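One structure is given below, encoded as structure tokens.
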């Protein structure tokens, strides 16, 4: 019973979210009270479905790039030959996090022009830190006797990394990716200020025309996506952790 | 055969292992005993090159252990450590298959070997093979750890405090299993322990280390009877000496003619256990029976007391 209710609630919410994205017209009466002067209640300057897919696409590309770079860096600085780079890469990644994405957009536009690219750069930089720090934690807090056993069994350094170290730190790395994805989902909306096709368009259109219904629509979709992606990645982490007999957080 | 020749390991200015030489005969168990910081683990880890020596050589069956890349060397040497070090994300069967997989055995041969080892360690392959290490008890984990170390049929098995994390009852059982398995495979075993009792019980020879030096390397009876230094004597424990000496002998070797009343003692029990049984029963003598149940004679308190005296 304890599990059935939240699961049922999630299914209902997911169905509602998908229905809204695919056919927002059905929900018009709900948003009507939020509009004034007969303004349209449902976003009418483009398809919500294609905006959602582009939003997710942008986040996916930026996150995958951040995963590759952050995990690559974490692996590099936890090897004996790369240990010297640990402080340097820590500062680099921290700088990425310190710069507000808006500032990155402002700086990137003159360099790469309007559109998708400045958003990707901002999301990529902003997403590095959680993944890097978690990968670092995962790779440096492995049980010493297990790593020792891997070496003692005659694994080469590469085999030890791929067969023991990475699989064992997977739950912690996944947690970092989850944080990064959720942050990026929300942050991607501001990409629309520099003409990236994201759900931010809906919110900005609402703000410009003083239409609360648009703002709420854009916000709700982003929030819903964030909740379900968070949930899904959390479930993945649990599977990975349970296989190792670790406590499920 | 393992020949350790003038092995020294220095970290900066600290000498951890100092000019140690010893020869371990094939198909025997050598126990390295010492306090923590005596260099015993470092010495062990230089055999499979988890630690590289500063100077000296180690030869396995006459071949320098530096003639192979280190990972290939390690695949040919079994290695079992305290707290088993099993891979938590792999099943018991996958854990045992680690080295055979690295060596590129085919699947059929690996499965066969895994089943054989599990059965040898009294674990049902169908029930335990697919389990994860955290689903096993401490004793079972330890057995899987040793099974993994033996998977690729190594001639040499290195063990670093393999029984350290076990409770006393399971430890005794694990030690008996190890002796049986050593007989079965004829593996040469080098075992590091801080427990002299364990060393006397398991070792054909005992190496005592102190401050990086090899203080004495001899048969257990000799270590007990003629400790080379006061350090060895302390390690042996003067109040325990006679009982440890008795624990080396079998009842069958101390049988006297005649008969006695009471519960018979098996001939393959240790003399120490027999003495304990005698003292506890309050009788001066008890009958002895062979493995086939036939009466062989009797064992007496007087006879055992003579055997427990310091050898001349």
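Chains as they are written, first to last, in my numbering: chain P, 117 to 365; chain Z, -16 to 295.
Cβ coordinates follow ideal geometry from the N, Cα and C atoms, glycine included.
As the structure is a computational prediction, the values presented were derived from the model and not from experiment.
Let me know the secondary structure DSSP gives residue i once reduced to three states.
| i | result |
| --- | --- |
| residue 1(Z) | strand |
| residue 138(Z) | coil |
| residue 158(P) | coil |
| residue 194(P) | helix |
| residue 86(Z) | coil |
| residue -6(Z) | strand |
| residue 34(Z) | coil |
| residue 242(P) | helix |
| residue 138(P) | helix |
| residue 58(Z) | helix |
| residue 279(Z) | strand |
| residue 143(Z) | strand |
| residue 77(Z) | helix |
| residue 277(P) | helix |
| residue 244(Z) | coil |
| residue 258(P) | coil |
Short of 7 Å in beta carbon distance, which residues of its chain neighbour residue i, apart from the five on each side in sequence? Order them along the chain.
| i | result |
| --- | --- |
| residue 66(Z) | 148 |
| residue 258(P) | 281, 284, 285 |
| residue 248(P) | 186, 189, 190, 209 |
| residue 264(Z) | 245 |
| residue 93(Z) | 80, 83, 84 |
| residue 194(Z) | 21 |
| residue 198(P) | 192 |
| residue 132(Z) | 61, 62, 63, 140 |
| residue 257(Z) | 234, 248, 282, 287 |
| residue 315(P) | 167, 168, 171, 305, 334, 337, 338 |
| residue 70(Z) | 78 |
Quick check: is the beta carbon of residue i nearer than 9 Å to any beta carbon in chain Z?
| i | result |
| --- | --- |
| residue 365(P) | Residue placement at residue 365(P) is flagged as unreliable, the pLDDT there being 43, under the threshold of 50; the coordinate-derived value follows with that caveat. False, the Cβ-Cβ gap to chain Z never drops below 9 Å. |
| residue 350(P) | no |
| residue 254(P) | no |
| residue 130(P) | no |
| residue 284(P) | yes |
| residue 259(P) | yes |
| residue 199(P) | no |
| residue 125(P) | no |
| residue 117(P) | Residue placement at residue 117(P) is flagged as unreliable, the pLDDT there being 46, under the threshold of 50; the coordinate-derived value follows with that caveat. No, residue 117(P) does not count as interfacial toward chain Z. |
| residue 206(P) | no |
| residue 195(P) | no |
| residue 264(P) | yes |
| residue 251(P) | no |
Which same chain residues end up closer than 6 Å to residue i when comparing Cβ atoms and leaving out the 5 residues on each side of it in sequence?
| i | result |
| --- | --- |
| residue 42(Z) | -14 |
| residue 363(P) | Because residue 363(P) carries a pLDDT of 48, less than 50, the predicted location of this residue cannot be relied on, and the following value inherits that uncertainty. Within the same chain, residue 363(P) has no close Cβ partners at all. |
| residue 221(P) | 234, 238, 310 |
| residue 2(Z) | -11, -9 |
| residue 268(Z) | 243, 281, 283 |
| residue 98(Z) | 108 |
| residue 240(Z) | 280 |
| residue 289(P) | 250, 251, 254 |
| residue 53(Z) | 32 |
| residue 252(Z) | 234 |
Per DSSP, residue i is paired with what?
| i | result |
| --- | --- |
| residue 46(Z) | 43(Z) |
| residue 193(Z) | 196(Z) |
| residue 188(Z) | 13(Z) |
| residue 6(Z) | -14(Z) |
| residue 249(Z) | 272(Z) |
| residue 357(P) | DSSP, once it has assigned bridges, lists no residue as partnering residue 357(P). |
| residue 263(P) | Looking at the DSSP assignment, residue 263(P) forms no beta bridge with any residue, so it has no partner. |
Measure from the C-beta of residue i to each C-beta in chain P and report whether the shortest distance is under 9 Å.
| i | result |
| --- | --- |
| residue 65(Z) | yes |
| residue 170(Z) | no |
| residue 81(Z) | yes |
| residue 56(Z) | yes |
| residue 101(Z) | no |
| residue 70(Z) | yes |
| residue 115(Z) | yes |
| residue 131(Z) | yes |
Considering only residues of the same chain and omitting the five flanking positions on each side of residue i, which have a CB-CB separation below 8 Å?
| i | result |
| --- | --- |
| residue 276(P) | 263, 266, 267 |
| residue 350(P) | 294 |
| residue 208(Z) | 228, 293, 294 |
| residue -2(Z) | -9, -8, 195 |
Given 8 Å, three or more beta-carbon pairs between the stretch 285 to 293 of chain P and the stretch 247 to 254 of chain P: yes
Can at least three beta-carbon pairs, one atom from the stretch 21 to 28 of chain Z and one from the stretch 89 to 106 of chain Z, be found at a separation below 8 Å? no
Three or more C-beta pairs under 8 Å: does that hold for the stretch 224 to 239 of chain Z against the stretch 284 to 291 of chain Z? yes
Does the pairing of the stretch 45 to 63 of chain Z with the stretch 262 to 281 of chain P give three or more beta-carbon distances under 8 Å? yes
Inter-stretch contact at 8 Å, needing at least 3 Cβ pairs: the stretch 150 to 166 of chain P / the stretch 203 to 219 of chain P: no
Do the stretch 144 to 163 of chain P and the stretch 200 to 215 of chain P meet, that is, are 3 or more Cβ pairs less than 8 Å apart? no
Is there contact between the stretch 318 to 327 of chain P and the stretch 3 to 13 of chain Z, where contact requires at least three CB pairs shorter than 8 Å? no
Evaluate contact between the stretch 338 to 347 of chain P and the stretch 123 to 135 of chain P, counting only Cβ atoms and requiring at least three cross-stretch pairs below 8 Å. yes
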